[in-house]
Every structure is written in C-alpha cells, then in structure tokens.
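In what follows, a single structure is set out as structure tokens and then discussed.
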Ligand code: NAD
Ligand code: IPM
Ligand code: MN
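In our numbering, the protein residues as written are -11 to 359.
Laid out in structure tokens, this is it:
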C-alpha cells in the first residue's frame, strides 16, 4: 500500500484533481497496488480563514506520504507569493525535490501552433533544477518604499546542486535512448554509438559566474556519458529554436528560473497549459516527490467546470511511474492518447465545448475499453 497526499489547492486545482483521483482509482488494480489517499486542506481558502499557509505539523504529515498529488495554488484574494512560496516552493525545497521533470510531448491528433510540426517533432523532456537559483529567496530590500529603494534577489548555484541535476539529465537521456535512440542524431553520431542528446540551456554570455559553474560542471559530467551527445543553447536562442526546430531537442537541462519560463512555452508546443504535466522529484527518495500540472489555478476559468483535466491525468501517470506502477501509468497515457486522437470530447482550450468531467469520463471509458 502506498500513501498519496492530495493537495487539491485553489481555483481549477480541485476540479482537475477530482478527475485525476477517479482515473487513479480505476488503474490501481493493474499493478496490484492499493493507494491510500490523504487529503490536505491547503491553499487560499485556508489562509484567508485561519492565516495558516503550511503549518509544520502538516508538513510533517506530508513527509510521511509516499508521493504527493497537487492541483494548483494561487488565489486572487491573496498577495502573490504567499501561497506559491509558502506551499509549493516550501515543499519542493523541504523535500529535496531537486529535479522538476517536465515532458513536452505532442500527442497525435492535438494541434500545435507551430506550423508544419507534428508528434515526431515535439518529444523532449525538460529537466529543470528545482532547489536553487533565484527561487531560494535570498535577498531583500533597503530603504523600501522610498525613492532610493534597492531590491536584491540573488541566484544561488552550488556545485553539488548543479551536478546532481545534470547527472539526472544524462541518465534520463540514456534511458530514453535505450527505448528509442534520439532521432535527431546524425548517421555519424549513431555509428559512434550515441543514443541521446542533452542540451544545456543557460546564459553563459551574461551570467559569467553562475553559468560558468553550470558549464564547467556540464563538461565534467558529460565525460561519464560517452553515449550521450551534448549541446548548449543560450536561453533566448532556446526559445527561438523550440519554436522553429523543436525536433532538435531530446533532453534539456536548465536552471530553475529558465526552466519555469521555457516549460510554459513547451506547454504551448504540446497543445496548451491544459496538457502539460510535471513531477517534482526527490530521486534519492529520502522524502516524497510531488506531481502536478504545470499550469496554475487559472482564476479566469475557475468554477466553470471547463478546465482541461489532461495535464492532471498525465501527472498521475508520472506519479505512478515514480511509485513503480508502470502498468497504470501506461494505461493512462494510452487512454489519454485515445481520447485526444478521437478529437472529442475536448474542453474549450482545445477548441471543444466539453466539461472537465466529460473528458475525465471519456478517459475512464477508454481505460475500460483498453483493459
Ligand atoms: P495559469 O497556468 O493558472 O493560467 C494561464 C492560462 O492558462 C489561463 O488563461 C488559464 O485559463 C489557462 N489554463 C491553465 N490551466 C488550464 C487548464 N487546465 N485548462 C484550460 N486552460 C488552462 O497561470 P497564471 O494565470 O499565470 O497564474 C494563476 C495563479 O496560479 C497565480 O496565482 C500563480 O501564482 C499560480 N500558479 C500556480 C502554479 C502551481 O500551483 N503549480 C503554477 C503556475 C501558476
Ligand atoms: C510552476 C509555477 C511556480 C514556479 C510558481 C507558482 C511558484 O509557475 O510550477 O511552473 O515558478 O515554479
Ligand atoms: Mn511556471
């Protein structure tokens, strides 16, 4: 039995989490596992009622879980950062979830806004460093509120933090290459035995301290992976290339801040925010990992029952992979693929008029049919 902590959170969070849990219930038997769900009441409503963001006792209870499934946090009535830093970032940091794994994969039948590109071209994974950089919250104000105000926010980069993230990226490229070698490799690359590509994305031309450390570490770590090709892009050029030639990417390894930005772009390549899943991983399993859609609480559509639940469903698939339940995760991806290929039902973000629950139900039907 595995314990899954569930943080439905704010806005569309509870709407998509409901569908995720229904699908989870349907696939758990496939791997012969039982999942004990523990709900955690965290988010804007609790904060507004009690002033509590994430009490230590709740954090201690979350730590006992085998994994966490989160919808989204962020509330229009709460100042920006209170919930995001106090819940999401706190969990990512406290539980040493040092990799934020964000696949960018276009499913057949889904339209990408990138002209002329299809599922064969858009199949990359972003390994976003998740415990350092500007997200650490190092900094402060002096003379706040005056004309002489100074605000400083420092990017923290440690050799060990960078190295473990990059090693994860190389290992991932290797394991992807075992299943299907990266198709962007040249014939010569293949003859040399290369199976995958890691592209490091940073800004070495400006951040000449922090990203010099990244580059030196990248070069050193790459020596241990002679079967993996390496490449480097500045982050601005990466944004351009993700649009113009997404097929050039296999695994991208990048910093926390840049990873945040390029994965919203990645979400759009794969059909929109409603489809992009993620895992905040503690690869050492010394604390639970957390799985969540890349999107936020989407206040503009919250309460209407029209949020696309697929990002949440694919996040459940990643959670199952992490809990060693590969049949369940494969079944979810297969069923999601079937519904997307069928073209209906679709929520408004994908051009349809279906409700969140309609899409969830269709995926569960597809699961039954595929079982
Ligand atoms: P957002 O991702 O919530 O929304 C961006 C756009 O995408 C909106 O137009 C929204 O309607 C659309 N969208 C998002 N999810 C969708 C879905 N499942 N189906 C259909 N359309 C969807 O980003 P934002 O508006 O910048 O942020 C809103 C709040 O969420 C803020 O408080 C922010 O801090 C927070 N946030 C939280 C997380 C998280 O909990 N992981 C992530 C991002 C943003
Ligand atoms: C994400 C979000 C978060 C981030 C925010 C809400 C703190 O944008 O998960 O991508 O910046 O990491
Ligand atoms: Mn983001």
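Using N, Cα and C, we set each Cβ at its ideal position, and we do this for glycine too. Quick caveat, the model's predicted, so the values are computed rather than measured.
Compare the Cα-Cα distances from residue 23 to each of 316, 341 and 357 and report the closest residue. 316
Beta-carbon proximity list for residue 138, same chain, < 6 Å, skipping 5 on both sides: 130
Does the beta carbon of residue 35 come closer than 8 Å to any beta carbon on chain D? Chain labels in this structure do not include chain D; a single protein chain is all it has.
Quick one: what's got a C-beta closer than 7 Å to residue 193's C-beta in the same chain, skipping five residues either side? 222
Could you tell me if the beta carbon of residue 287 falls within a distance shorter than 7 Å of some heavy atom in the ligand NAD? yes
At a cut-off of 7 Å, would you count residue 296 as near the ligand NAD, judging by its Cβ distance to the nearest heavy atom? yes
In three-state terms, what does DSSP make of residue 348? helix
Which residues end up in the neighbourhood of the ligand MN when you take C-beta atoms closer than 6 Å to any of its heavy atoms? 248 and 252
Residue -10 to residue -3 span [Cα, whole Å]: 21 Å
Would you decide whether residue 141 is buried or exposed? Buried here means 16 or more other CB atoms lie within 10 Å of its CB. exposed
Bridge partners for residue 185 per DSSP, in chain order? 217
Rounded C-beta distance between residue 257 and residue 230? I'm assuming under 8 Å. 6 Å
Could you check whether the Cβ of residue 62 sits closer than 7 Å to any heavy atom belonging to the ligand IPM? yes
Please determine if the stretch 199 to 215 and the stretch 53 to 64 are in contact, where contact requires at least 3 C-beta pairs separated by less than 8 Å. no
Could you please give the first and the last residue of the uninterrupted alpha helix (DSSP H) stretch that includes residue 164? 147 to 167
Output the distance between the C-alpha atoms of residue 34 and residue 121, rounded to the nearest integer angstrom. 29 Å
Please work out which residues of its chain come closer than 8 Å, Cβ to Cβ, to residue 16, disregarding the five sequence neighbours upstream and downstream, and give them in chain order. 22, 23, 313 and 316
With a threshold of 7 Å (Cβ to nearest heavy atom), would residue 72 be considered close to the ligand IPM? yes
Note down the Cα distance separating residue 57 from residue 269, rounded to an integer number of angstroms. 12 Å
Quick one: using the 10 Å Cβ neighbour count with 16 as the cut-off for buried, is residue 38 buried or exposed? exposed
Residue 122 - DSSP class collapsed to helix/strand/coil: strand
In the DSSP assignment, find the beta strand (DSSP E) that holds residue 170 and state where it starts and stops. First-last for residue 170: undefined, no H or E at that position.
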